[in-house]
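Taken in order, the sequence shown gives residues -24 to -1, 1 to 337; the numbers are from mature numbering (1 follows the signal peptide of the UniProt record, and there is no 0).
Beta carbons: idealized from backbone N, C-alpha and C, even for Gly.
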Amino acid sequence: MMKKASIKLLLASSAILFANSVSADTTICYKKDWTSPSTIEKTKLDGGVCKGELSLIDMKKNGWKLKDIKITSSDKGLNYQYVLTTDEIIKVDNKAALNTKNKRPLSFKQMKTKITNVTNNSATINIGNLRVGQSGIIVREYEDGQKLIISNAYVTKTSQNNSQIKLIAFNDLKQEAIPTSKTKVQENDTLILNYMYDKSLLITPSQDAFQVARAKFRYNTFLHSDIFAAKLKTIREPLPSKTTIQDFAIEQNLGTIFFIIKNRAYVVDSKTFALLDSYTLAYNYLDTEKMPFYTRIEGIEEAPFDGILKSITELSFLKDIFGDDERSEEEILLEGEMKKDEIVTKNDMYNDYYKSILGLK
């Protein structure tokens, strides 16, 4: 009894700390057991600032920005949880990005160029026809040959001959034991565009999709799924949110994320989560799809937080402790067939979930 009480106390304390860490400019709204995904954005949401009176569309009209979305399945439908903020976030219209007419083909190779017209948070480069959201790093080169990364940057506007970039802090390699440089970006510093674009995270619904994608993009190095699965076990999140995916990719120094949805590969910039391009994949997704291999880990269940802290209902996305999984990486990747009706249901969930994360719904 003492052990169970201690666990409940620990969970409650963690939940309260999480709730208190949410700033005044951030709120979490949710909707449980919703059966009509096409109407969710117009539906009045519960919790947070929404309080059952405002929809996602209403919140956006009031100046709130969507920071993250989490969708989980329930017995009666789907549970939606939205993290909204008034703070500035990188916002790119991914639906508009699908129109690649008159744009140069996306390159995964790094491109170096000098920057000009530098202000506090912007600059210009002499490369045009880029993708909005395409990112890179700003490097200072010293006379003795030493180099220092001083900023991240991403494309905000582009024309035929040049592009405007926005400067943002370089926080990719966080290490409190190492001093942080306060060097400011200057004229003629170097932008390395498409930094680490050939190092990628691959999210697929099946082994077939995994193999076809790796064959099509054979010049990209894809981090193995087991490493991502281990991360999901650690944070107790079987279906990763946008923030989880993005933070993991940045931690692993990966420049791009590939999402395979039905028979298309969507390539996303890790730092901006901007959709850079999409490609058709030749495989029969109707016959072969399963749940994504990195989520097929035994013993993953949602935590029963409703019974512990009913007053903090927005914390229902926290997960229970993962069970041990002693399978090899090939067993996790290749095994685990499902029944036909289960495949159809979970494929729909997979496709809808990642379309929502990418802003394509």
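| Query | Result |
| --- | --- |
| Three-state secondary structure (DSSP) of residue 199 | coil |
| Sub-8 Å separation of residue 249 and residue 228 beta-carbons | no |
| 8 Å Cβ cutoff met for residue 168 and residue 113 | yes |
| Limits of the beta strand (DSSP E) - the one that residue 99 falls within | 98 to 101 |
| From 104, 157, 110 and 165, residue whose alpha carbon lies closest to that of residue 135 | 104 |
| Coarse secondary structure for residue 4, derived from DSSP in three states | strand |
| Any beta strand (DSSP E) of 3 or more consecutive residues that is wholly inside the region 18 to 57 | 41 to 49 |
| Endpoints, the alpha helix (DSSP H) within which residue 190 is located | 183 to 192 |
| 6 Å Cβ shell around residue 110 - same chain, five flanking residues per side excluded | 131 |
| Inter-residue spacing [alpha-carbon to alpha-carbon] between residue 158 and residue 246 | 24 Å |
| Residue of 24, 210 and 237 minimising C-alpha distance to residue 224 | 210 |
| Under 8 Å between C-beta atoms of residue 177 and residue 204 | yes |
| Under the three-state DSSP convention, the category residue 16 falls into | helix |
| Span separating the alpha-carbon of residue 24 from that of residue 5 | 5 Å |
| Whether residue 242 touches residue 334 by CB criterion (8 Å) | yes |
| Reduced DSSP category for residue 289 - H, G, I as helix; E, B as strand; rest coil | Confidence is the limiting factor: at residue 289 the pLDDT is only 34, short of 50, which leaves the residue's position unreliable, though a coordinate-based value still follows. Reduced to three states, the DSSP call for residue 289 is helix. |
| Per-residue burial, residue 194 [other beta carbons within 10 Å of its own, 16 or more giving buried] | exposed |
| Proximity winner among 259, 232 and 238, relative to residue 253 (alpha-carbon distances) | 232 |
| Local conformation of residue 228 per DSSP, three classes | coil |
| Under the three-state DSSP convention, the category residue 284 falls into | Bear in mind that a pLDDT of 29 at residue 284, under 50, signals an unreliable position, so the number given afterwards is only what the model happens to contain. In the structure shown, residue 284 sits in coil (DSSP, three-state: anything other than H, G, I, E or B). |
| Integer-rounded CB distance, given that residue 53 should sit under 8 Å from residue 10 | 5 Å |
| Cβ separation of residue 127 and residue 161, assumed to be a contact under 8 Å, to the nearest whole Å | 5 Å |
| Cβ-based neighbour list, residue 196, same chain, cut-off 6 Å, excluding 5 preceding and 5 following | 174 and 176 |
| Simplified DSSP state of residue 171, which is helix, strand or coil | coil |
| Cα-Cα separation, residue 84 to residue 170 | 6 Å |
| Alpha-carbon to alpha-carbon, residue 218 and residue 212 | 15 Å |
| For residue 257, three-class secondary structure by DSSP | coil |
| Exposure of residue -1, with buried meaning 16 or more beta-carbon neighbours within 10 Å | In this prediction, residue -1 has a pLDDT of 46, which is less than 50 and means its spatial position is unreliable; what the coordinates show is noted afterwards. Its Cβ having fewer than 16 others within 10 Å, residue -1 is exposed. |
| Secondary structure of residue 69, DSSP reduced to three states | coil |
| Cβ-Cβ distance between residue 364 and residue 328 below 8 Å | Only positions -24 to 337 of the chain appear in this structure, which leaves residue 364 out of reach. |
| Option nearest residue 61 by Cα separation, candidates 34, 43 and 32 | 43 |
| C-beta contact flag for residue 166 and residue 117 at 8 Å | yes |
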